[in-house]
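When we follow full-length UniProt numbering, the leftmost residue of the sequence shown carries the number 1, and every step to the right adds one.
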Amino acid sequence: MTDTDADATPHATAPWVALFSGGKDSSWALYRALERGLPVERLVTVHAEGDSYMYHTPATDLTALAAESIGIDLVDVYPDDLAADEATDSGTQGDRELEPLEAALGDLGDDLGGLGGVTAGAVESEYQTSRIRGMADRLGCELFAPLWQEDPRDLADAMLAAGFEIRIVQVAAAGLDESWLGRRLDHDALADLERLNEAYGVHLLGEGGEFETFVVDGPHMDRRLSLSLEPVWKGNRGHVRVVDASLA
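Shown next as structure tokens:
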């Protein structure tokens, strides 16, 4: 049973779990679920190494601090090496990456006495959403994906209006240089991204992997994350190294 309609109200019965990377999209899905009174009792972070078809990978070591600020227990999933070899097609790789998450959610359902549903921050990726939807069906729970196929600018404006403070922690696209690393995603940044969309096709929310983010503050958090970041630039892409992190 799934629900990807932002205007629909999922059933709040058994405990819910939020798929949580700390990025803006998964954080927004969690925030919307809490707004609707869904009983989210666990956050789940998959710590995937390197590039991933299914998961946000940078700065996931910060999710423990974010979870402490949110006040919901975090479950960490550390999958075995999921690197694809040259013979592995993208579909097979995506299915393979999903397996440790599905196993962890099955165990959580047993521990919690049932699983009512999961939240996901997918915006446009049918590749990811179809797999998460299938996983929810196999687990016998609902899927709440409030960002699914919503207008990217409307979503970004809603996040900022709600009080999300978002930092860019990785970039990998033409037009995004080292100056974007650690930059706050605010209205000025959105205006720049709209220009880059016209010039290079950069997605406004980074849905194509052009950039990744981390939410350091929001209305669902008790304390702001204070970060000291150092840029790491490698030719035409880069990420931030977290020098220090604490709850303000």
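Quick reminder that beta carbons are idealized off the backbone N, C-alpha and C, glycines included.
These numbers come from a predicted model, not from an experiment.
By DSSP's assignment, HIS239 forms a beta bridge with GLN170 and VAL232.
Closest in C-alpha terms to GLY114, from the list GLU102, LEU139, GLU124 and ALA122, comes LEU139. Linking LEU65 to ARG224 through their CA atoms gives a straight-line distance of about 10 Å. With respect to GLU99, GLY117 sits apart: the two C-beta atoms are not nearer than 7 Å.
When the beta-carbon positions are compared, VAL123 and LEU147 come within less than 7 Å of each other. In the DSSP assignment, the residues bridged to GLY117 are TRP16 and GLU142.
A residue is called buried once 16 or more other Cβ atoms fall within 10 Å of its Cβ, and LEU247, having fewer, is exposed.
Residue environment: GLY206 is assigned as buried (16 or more neighbouring CB atoms within 10 Å of its CB, all protein chains considered). Under the DSSP assignment, LEU74 falls in the beta strand (DSSP E) whose first and last residues are 74 to 77. Nearest Cα to THR45 within the set LEU34, PRO15 and ILE72: ILE72. A direct Cα-Cα distance of roughly 23 Å separates GLU150 from ALA199.
Taking MET221 as the centre and dropping the five residues before and after it, the same chain places the C-beta of SER69 and ILE70 closer than 6 Å to its C-beta, in chain order. When the beta-carbon positions are compared, VAL202 and ALA156 stay at least 7 Å from each other. Of GLY235, LYS234, ASP217 and ARG153, the smallest CA-CA separation from LEU62 is found for ASP217. Here ASP25 carries a helix assignment [DSSP, helix/strand/coil]. When the five nearest sequence neighbours on each side are left out, the beta carbons in the same chain lying within less than 8 Å of the beta carbon of GLY163 are those of ASP217, GLY218 and PRO219, in order along the chain. Counting only runs of 4 or more residues that sit fully inside the stretch 162 to 229, the alpha helix (DSSP H) segments are 187 to 200, in chain order. For THR45, the enclosing beta strand (DSSP E) stretches over residues 40 to 46. Per the coordinates, the alpha-carbon of ALA136 lies some 24 Å from the alpha-carbon of GLY208.
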